[in-house]
């Protein structure tokens, strides 16, 4: 009887150790997953702010004028000049930037 009791206590101790180990492992992985989720939330908040700023900029006259110039439009009272030799950085002010 005493041997059975000792064996059951040993099995209980092993089971308790396993449960403690899995609890620590879960705690560590959940902490890491929480950090990753918070970092992703920060990136998404930043992307939302960039998109909101771009939306506001779409209606500004300065942006629309710059966009029209990129597409080759000129003002009503402006003279069109044509370069005899093509410059190397044609359309450098028309570089597109990808939004998130």
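Numbering (the numbering used here), first residue to last: 1 to 100. We treat Cβ as the ideally placed atom computed from N, Cα and C, and that holds for glycine.
Chain-order list of residues whose beta-carbon lies under 7 Å from that of residue i (same chain, five-residue window excluded)
{"i": "residue 80", "result": "74"}
{"i": "residue 45", "result": "none"}
Sequence-distant residues of the same chain with beta carbon closer than 6 Å to residue i, five excluded per side
{"i": "residue 63", "result": "57"}
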